[in-house]
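Step one of this worksheet: look at the structure below.
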Amino acid sequence: MTRWMVTSATLMAAAGLLLLVACSAGPVPTTSTPLLAQVTLSSASEIALPLVSGQDEDLESLTPTHTAGASIAQPTSTEMVVVTLSAVHSPLPTPTRSGVAISVLPSPTLAGDKPPSVGLKVVPGERAPGFTLDTPQGRPITLSDYQDRSSVVLVFYRGQT
Amino acid sequence: MDLRDHYQDFQARNAEILALAVHDQSVAERVAQVTGAPFPVLADSDHAVAEAYGVYNLLGDGIATPAVFIVDTAGQVVWSYMGQNAADRPGVQTIIENLPEQ
Numbered sequence: 000m001t002r003w004m005v006t007s008a009t010l011m012a013a014a015g016l017l018l019l020v021a022c023s024a025g026p027v028p029t030t031s032t033p034l035l036a037q038v039t040l041s042s043a044s045e046i047a048l049p050l051v052s053g054q055d056e057d058l059e060s061l062t063p064t065h066t067a068g069a070s071i072a073q074p075t076s077t078e079m080v081v082v083t084l085s086a087v088h089s090p091l092p093t094p095t096r097s098g099v100a101i102s103v104l105p106s107p108t109l110a111g112d113k114p115p116s117v118g119l120k121v122v123p124g125e126r127a128p129g130f131t132l133d134t135p136q137g138r139p140i141t142l143s144d145y146q147d148r149s150s151v152v153l154v155f156y157r158g159q160t
Numbered sequence: 000m001d002l003r004d005h006y007q008d009f010q011a012r013n014a015e016i017l018a019l020a021v022h023d024q025s026v027a028e029r030v031a032q033v034t035g036a037p038f039p040v041l042a043d044s045d046h047a048v049a050e051a052y053g054v055y056n057l058l059g060d061g062i063a064t065p066a067v068f069i070v071d072t073a074g075q076v077v078w079s080y081m082g083q084n085a086a087d088r089p090g091v092q093t094i095i096e097n098l099p100e101q
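Line by line, the protein sequences are chains A and B.
Heads up: the first sequence at position 152 corresponds to 151 in numbering that gives the first Met the number 0, and the numbers run straight through without jumps.
Heads up: the second sequence at position 99 corresponds to 98 in numbering that gives the first Met the number 0, and the numbers run straight through without jumps.
Below is the structure:
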């Protein structure tokens, strides 16, 4: 029982440290410019999106405390520190990005009643998704048809322009 | 948006403008007529393209947020602008300044 409690406390401490690291890992978005915040964090969008939709279980699966907890054979206070530190520095694929994603969660833009397509999917440096759409006259227009041009400017209208 | 009035500036830089609207063909046609757009106005009626670019329904109104993407000849996005509200659009000069070199 005591061991369980200590282990549990260790996990909580590790999770707490992770959250601290997460909060300090990236810029915390302000609510006044939610879309700008997404621009800043766009490199983490692929990770942030499943976090938003999955909520807590995804959050937990990203924290490395499972492996840390398993290694606690003799939970002393000294080892707690060691284990906690090793948890923080464990080789996550992208620990910094995970931290950024966690810090994004409080953003009302991401966590509110927004549709699933939230987030910048295409940012400078990435490939522009191809498409073929018809003009009102029925003429199909394909983005890649314009490769002989120096550039194509895609303008998303709202219909009342 | 006075893209129409500056269309020749884009053409002089060998750039093409494609406008997309999350509406059916009839609305796209009306937009083309009302704006007198000399460039194609395309109907993204199933909002698939707007979704692919991550601009669909960001404002919760079922259409695309105002946004501009500049795509270079290699098919890579080199500049983008995401409107923060329904009226937030980049100026034409800003777009022109961000066109890639020919």
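Ideal Cβ positions, reconstructed from N, Cα and C, are used throughout, including at glycine.
These numbers come from a predicted model, not from an experiment.
Around the beta carbon of B:N84, fewer than 16 other beta carbons lie within 10 angstroms, which makes this residue exposed.
With fewer than 16 other Cβ atoms from the protein chains shown falling within 10 Å of its own Cβ, A:D147 counts as exposed. Relative to the Cα of B:F38, the nearest Cα in the group B:F9, B:T72 and B:V70 belongs to B:F9. Annotated three-state conformation of B:T64 is coil, per DSSP.
The C-beta of A:T134 comes closer than 8 Å to at least one C-beta of chain B. Closest option to A:K120, judged by alpha-carbon separation, among B:P89, B:S79 and B:E100: B:S79.
Contacts with chain A (Cβ-Cβ distance below 7 Å) from the stretch 67 to 94 of chain B involve V67, F68, I69, V70, D71, T72, G74, Q75, V76, V77, W78, S79, M81, Q83, A85 and I94, listed in chain order. Here B:P89 is buried, its C-beta having at least 16 other C-beta atoms within 10 Å. A residue is called buried once 16 or more other Cβ atoms fall within 10 Å of its Cβ, and B:S25, having fewer, is exposed. In the displayed model, B:Q75 falls within a strand according to three-state DSSP. Put simply, of B:P65, B:E28 and B:P99 the residue whose alpha carbon is nearest the alpha carbon of A:G137 is B:E28. B:E96 and B:I69 have their C-alpha atoms some 11 Å from each other. Rounded to whole angstroms, the Cβ separation of A:Y145 and A:V151 is 5 Å, and the two are in contact under 8 Å. Considering only A:I140, A:L132, A:S143 and A:T141, the residue with the shortest C-alpha distance to B:D45 is A:L132.
In the three-state reduction of the DSSP assignment, B:A85 falls in the coil class. Just so you know, the alpha carbons of B:E100 and B:D4 end up roughly 21 Å apart. Flagged as an interface residue toward chain A: B:Y52, by a C-beta distance shorter than 8 Å.
Measuring C-alpha to C-alpha distances from B:T34 to each of B:A73, B:A86, B:L2 and B:R12 identifies B:L2 as the nearest. Straight through space, the alpha carbons of B:L58 and B:D43 are spaced by roughly 17 Å. Residues of chain A whose Cβ lies closer than 8 Å to the Cβ of B:A63 are, in chain order, F155, Y156 and R157.
In the DSSP annotation of this structure, the continuous segment of the beta strand (DSSP E) that includes B:E15 starts and ends at A14 to A20. DSSP lists no bridge partner for A:Y145.
Bounds of any alpha helix (DSSP H) do not take in A:D133; it lies within the beta strand (DSSP E) bounded by T131 to D133. Cβ-Cβ separation between B:Y52 and A:P128: approximately 6 Å, consistent with a contact (criterion under 8 Å). Annotation: B:P65 to B:A49 spans about 10 Å, alpha carbon to alpha carbon.
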